[in-house]
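Protein chains in written order, with the numbering used here: chain A, 12 to 394; chain B, 630 to 990; chain C, 1199 to 1501.
Structure representation (structure tokens):
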């Protein structure tokens, strides 16, 4: 964000601008129309239904949503570490233009851990209880780097543990996971994920299982590591506070679909989807401290029987007939972020109609201003 | 801000909504009724209902239940229908028929053939007869009865003692638990089969059951076997229940119950045991075959039920002497044991798959 | 670690003492002495015999004497044939243990392999075939199996001679002994393996880029074997000390059949000796398996 502002302000050379554009046009990871389902005894559970996004080099992308909205499944689909019953049924996942879904076994093993790694939600269960911390980090190092001996790998492990702020790393590497606290284990997970300096780091609710003071430390650590190592991060969480603090771009998910995407400002100050609005109403902040919080009524949808139209319609206060029948398309909002809600379509249609009427009445008077507005808009869009 | 705004060529549904011919009626507010119809939730189920449904979907478990029901029905009905007894020699018109020994299934002796020629009716020997001219089918049915009851009864004893002991030990913890578990450890390391044999020898000599007719019929061996089950086999169950309770005890709802002043007995009965009941039932179901196995071993080495009462183990043991000529006599009781044990094992597995919350996805 | 081991040894000794105590008094509760069963002896002869074997002293004194001798490794002599009990046990145990050890090794190796195959091919045909036979085998009493094997291979087909102390055809007894534990280990390994494969740390390993083979054999198997080991301990003790039934059917003079013999003969010293030997063997094996358990699972706290 800031970069582009700077470009405008200082008018940096064309070349640099080109580079930035290229960078943005060739995302390190591009997910296109992803559908992932789990085939259980009771039927097909459609966990992800057409999610698309781009992850740019060195950026942090946040995915928010409640439990069962498909955010973790999206992350696991990228890594191809879904449970046995899960399968990507449609769509593409492009890493530097190559489809991850078409990788053979060898390419996949090289992709996982080396190019793309993941930090899981629960550090308590995500480390193998029967191996030492050291041997688990060493394994990743020995698999993907030139350090093939245990000695060389251990040296690197100690370095990594030091980097993620584990005290006495020489001692820790010979300890077992159960001897470490939750925060320490999550640091170990991060060290393990960063062992091979991946291009992409997926953090699947990395702070959910930790207590609040540790949460802040871990987030701080991730942010500083990201600045140091420059990898792109996908941050999956249901914690809006975390998202606001960390992310360059945010995707709000519901029922396996993207509701709204934009910057933190777009999402927090100008939400355009009823679900996002509800989500924001349900968290406390300074302004509504005295008021009662408004929860979103109803319960998450059943992914076994997805509704025909908008996934959120049954819980939406302003649902319309069309919401029940048709899936809302993604539409650009006046401020430039995207939302998929029929209410926006309605609003835009009404506005257009009003403009037409007004335009007919005052062709001359209105012409200048509308043109100016339009200019502004296109100008902005091109930046 | 541009990162989001630019949204570089993504394969999104890029139809421009504004150019659509809008049907304004569709943009009316939906009623609650319409919304509710959309809210297709899966039917709400209780833990028991859901587990039972899962159990019924498991063909092996359903098959086992059917087999077990058939065996139970057979145990009840057959002695009333078949006109032979397990201990008496086959009689034709009230006369003992020593010629009816070692018959093959559905074969008749000379005397029976003569009687049938006269127009009399003889109930067929479905499994033949043994070397003492007794109907083998009835003996197998009675043997099944004995083995089955031993299994069920042993399981009941094990559950009662094990659950009581385990829950007390697990709930109170600390020193009580330490002492109680040491006792369990010691009993656990006793070689069970050896102790059973040892004690049945002792009991056979010391206990006098002649005054209690029903017990006498079963014999000292059976009684001592039950006593030994009661003394030894509950330790596994006690350990299991204790372990369960130790975990459940840590849950907040137990703390909540304690905070509102519930007494230990109430907490154990109302809050803790219902949460480990599935584990108890499953291991009780798996306890039955192990007791049946033990009974058949003991009968096999001659320490089982008193003669002439048969059990499946003693029938199989007796059949060994004439194995070459009459292998079927081993096959019938052996098949019965395998059927019963297999059914209980499969039922236990099915119950575990259906009711163990740990295995739920 | 040392403290834990010492503590466990202390409890093991306590258990042993209790077993001696129970066995001794159970034996004495039986009315009639060891010499009642034989041809009527005159009272004088009985008295001499009782004095010879200290059977006339109070029970507690007898027990005290016995324990004193036990500490010196002396289990006394058989009341029936006068042979040294320790030596008799040693001889018959050698026979039982030889067959038992082969059976245990076969059961463990094949059980773990088959269980892993079943788990990795869940709901495919190898799984179904293995589970079918394993379930059937766990429902088959060993005397049925042993008798059938004897009937088919020794009597009908005459492929294998019936076991005797001179011949070395261990095949049938070993099969009879190993089938049940093998089937049990197979089932245990399968369940445990499936449980472990669903754990978060397996996902972590996969996410690290570890190959499927290594995930299974390095990360999963080690954890999956923990419950198997708790079974292997007591099972080994049971099989090594000899199965009463299998030894009886194949007429092997092992410890199991000795035990049955001495019980029916009311040979007090033999019963005591055999029980104490078997119990201590089981206690020691349990102790060892707990220690192995600790080595494999670092989470077990030694306190």
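Cβ atoms here follow ideal geometry from the backbone N, Cα and C, with glycine treated the same way.
| Under a three-way DSSP split, which group does residue 100/A fall into? | Reading the first chain from its first residue, position 89 is the one you call residue 100/A. Strand, per DSSP.
| Opposing strand residues paired with residue 128/A [DSSP bridges] | Here residue 128/A corresponds to residue number 117 of the first chain, with the count starting at 1. 212/A.
| Which ranges does the beta strand (DSSP E) cover as unbroken runs of at least 3 residues, wholly within the region 41-91 of chain A, from first to last along the chain? | 54-66 and 71-75
| Using a C-beta to C-beta distance shorter than 8 Å, which residues of chain C count as neighbours of residue 240/A? | One-based indexing of the first chain puts residue 240/A at position 229. Result: empty, since nearest Cβ-Cβ is about 18 Å, beyond 8 Å.
| query | Which residues, in chain order, does the region 891-916 of chain B contribute to contact with chain C at a C-beta distance below 9 Å? | reply | none
| message | Judging by CA-CA distance, which residue of 356/A, 333/A and 105/A is the nearest neighbour of residue 88/A? | response | As a first step, residue 88/A is located in the first chain; it is residue number 77 there, counting from the start. Taking only the C-alpha atoms, the option nearest residue 88/A is 105/A.
| Closer than 9 Å to chain A by CB, residue 878/B | Residue 878/B sits at position 249 when you count from the first residue of the second chain. Closer than 9 Å: no.
| CA-to-CA distance, residue 1223/C to residue 691/B, given in whole angstroms | The residue you call residue 691/B lines up with position 62 of the second chain. The residue you call residue 1223/C lines up with position 25 of the third chain. Their backbone Cα atoms lie some 49 Å apart in a straight line.
| field | Own chain partners of residue 312/A with C-beta closer than 6 Å, once the 5 adjacent residues on each side are dropped | value | As a working mapping, residue 312/A is identified with position 301 in the first chain. Here the set comprises 266 and 322.
| said: So, does the region 144-160 of chain A touch the region 1398-1412 of chain C, judging by three or more C-beta pairs under 8 Å? | reply: yes
| message | Taking 9 Å as the threshold (beta carbon to beta carbon), is residue 139/A in contact with chain C? | response | In the first chain, the residue the question calls residue 139/A occupies position 128. It does: the Cβ of residue 139/A has a partner Cβ on chain C nearer than 9 Å.
| query | Is it right to say residue 975/B is buried, meaning 16 or more other beta carbons lie within 10 angstroms of its own, or is it exposed? | reply | Counted from its first residue, the second chain places residue 975/B at position 346. Under this definition residue 975/B is a buried residue.
| field | Sequence-distant residues of its chain with Cβ nearer than 6 Å to residue 44/A (five each side left out) | value | Here the question's residue 44/A lines up with position 33 in the first chain. So the list reads 61, 63 and 102, once near-sequence residues are dropped.
| What residues in its chain sit with their C-beta under 6 Å from that of residue 743/B, if we drop five residues either side in the sequence? | Counting from one through the second chain, the residue named residue 743/B turns up at place 114. For residue 743/B, where only same-chain residues beyond five positions count, there are no Cβ hits under 6 Å.
| said: Please identify the residue among 778/B, 874/B, 704/B and 758/B whose C-alpha is closest to the C-alpha of residue 719/B. | reply: To locate residue 719/B, count along the second chain from 1; it is residue 90. Among 778/B, 874/B, 704/B and 758/B, the Cα nearest to that of residue 719/B belongs to 758/B.
| task | Please work out which residues of its chain come closer than 7 Å, Cβ to Cβ, to residue 723/B, disregarding the five sequence neighbours upstream and downstream, and give them in chain order. | result | The residue labelled residue 723/B in the question sits at position 94 within the second chain. If we look at residue 723/B and ignore the five residues flanking it on each side, it has no Cβ neighbours.
| message | Using only CA atoms, which one of 133/A, 128/A, 171/A and 132/A lies nearest to residue 145/A? | response | Against the first chain, residue 145/A aligns to sequence position 134. Here the closest residue by C-alpha is 171/A.
| request: Determine the burial state of residue 294/A: buried for a count of at least 16 other Cβ atoms within 10 Å of its Cβ, exposed for fewer. | output: Your numbering for residue 294/A matches position 283 in the first chain. By the 10 Å Cβ count, residue 294/A comes out exposed.
| query | By the 10 Å Cβ neighbour count, where 16 or more other Cβ atoms means buried, how is residue 1279/C classified, buried or exposed? | reply | Position 81 of the third chain, counted from the first residue, corresponds to residue 1279/C. When all chains shown are included, residue 1279/C counts as exposed.
| request: Could you tell me if residue 353/A is buried or exposed, where buried requires 16 or more neighbouring beta carbons within 10 angstroms of its beta carbon? | output: Counting from 1 along the first chain, the entry for residue 353/A is found at position 342. Looking at its Cβ environment, which holds 16 or more other Cβ atoms inside 10 Å, residue 353/A is buried.
| Are residue 1383/C and residue 1426/C closer than 9 Å when you measure CB to CB? | If you number the third chain from 1, residue 1383/C lands on position 185. If you number the third chain from 1, residue 1426/C lands on position 228. Yes, Cβ-Cβ distance for residue 1383/C and residue 1426/C is below 9 Å.
| said: Suppose the cutoff is 7 Å on Cβ atoms and the five residues either side in sequence are ignored; what does the same chain contact list for residue 819/B look like? | reply: Indexing the second chain from 1 puts residue 819/B at position 190. 861, listed in sequence order.
| said: Starting from residue 1416/C, trace the beta strand (DSSP E) in both directions and tell me its first and last residue. | reply: Against the third chain, residue 1416/C aligns to sequence position 218. Per DSSP, residue 1416/C belongs to no beta strand (DSSP E) and is neither H nor E.
| request: Could you check what DSSP says for residue 889/B in three-state terms: helix, strand or coil? | output: The count along the second chain starts at 1 and reaches residue 889/B at position 260. If DSSP states are grouped into helix, strand and coil, residue 889/B belongs with coil.
| Local Cβ density within 10 Å of residue 879/B, reported as buried at 16 or more and exposed below that | The residue given as residue 879/B occupies position 250 in the second chain. Burial call: exposed.
| field | Run of the alpha helix (DSSP H) containing residue 1309/C, from where it starts to where it stops | value | Here the question's residue 1309/C lines up with position 111 in the third chain. Looking at the DSSP string, the run of the alpha helix (DSSP H) that includes residue 1309/C is 1283-1318.
| query | Enumerated in chain order, which unbroken segments of the alpha helix (DSSP H) with a length of 4 residues or greater are wholly contained in the region 760-817 of chain B? | reply | 765-801 and 803-817
| request: Taking the CB atoms as reference points, tell me whether residue 832/B and residue 783/B lie closer together than 9 Å. | output: By one-based count along the second chain, residue 832/B stands at place 203. By one-based count along the second chain, residue 783/B stands at place 154. No. Outside cutoff.
| By DSSP, does residue 312/A sit in helix, in strand, or in coil? | Here residue 312/A is taken as the residue at index 301 of the first chain, counted from 1. DSSP places residue 312/A in coil when its eight states are reduced to three.
| message | With H, G and I counted as helix, E and B as strand and the rest as coil, what does DSSP make of residue 260/A? | response | Position 249 of the first chain, counted from the start, is the residue given in the question as residue 260/A. Residue 260/A falls in the strand class under three-state DSSP.
| task | Compare the C-beta of residue 330/A with all C-beta atoms of chain B and state if any pair is closer than 9 Å. | result | What you label residue 330/A is simply residue 319 of the first chain in a count that begins at 1. So yes, residue 330/A belongs to the interface.
| field | Own chain, CB closer than 8 Å to residue 177/A, minus 5 neighbours either side, in chain order | value | What you label residue 177/A is simply residue 166 of the first chain in a count that begins at 1. These residues qualify, in order along the chain: 183, 195, 198, 199 and 202.
| field | As assigned by DSSP and simplified to three states, the class of residue 123/A | value | Taking the first residue of the first chain as position 1, residue 123/A is located at position 112. If DSSP states are grouped into helix, strand and coil, residue 123/A belongs with the strands.
| query | Could you give the distance in angstroms between the alpha-carbon of residue 335/A and the alpha-carbon of residue 324/A? | reply | To locate residue 335/A, count along the first chain from 1; it is residue 324. To locate residue 324/A, count along the first chain from 1; it is residue 313. Roughly 6 Å between the two C-alpha positions.
| task | State yes or no: is the C-beta of residue 1450/C within less than 9 Å of the C-beta of residue 1444/C? | result | For this step, residue 1450/C is matched to residue 252 along the third chain. For this step, residue 1444/C is matched to residue 246 along the third chain. Contact: yes.
| Would you call the region 126-137 of chain A and the region 207-227 of chain A touching, i.e. three or more CB-CB distances under 8 Å? | yes
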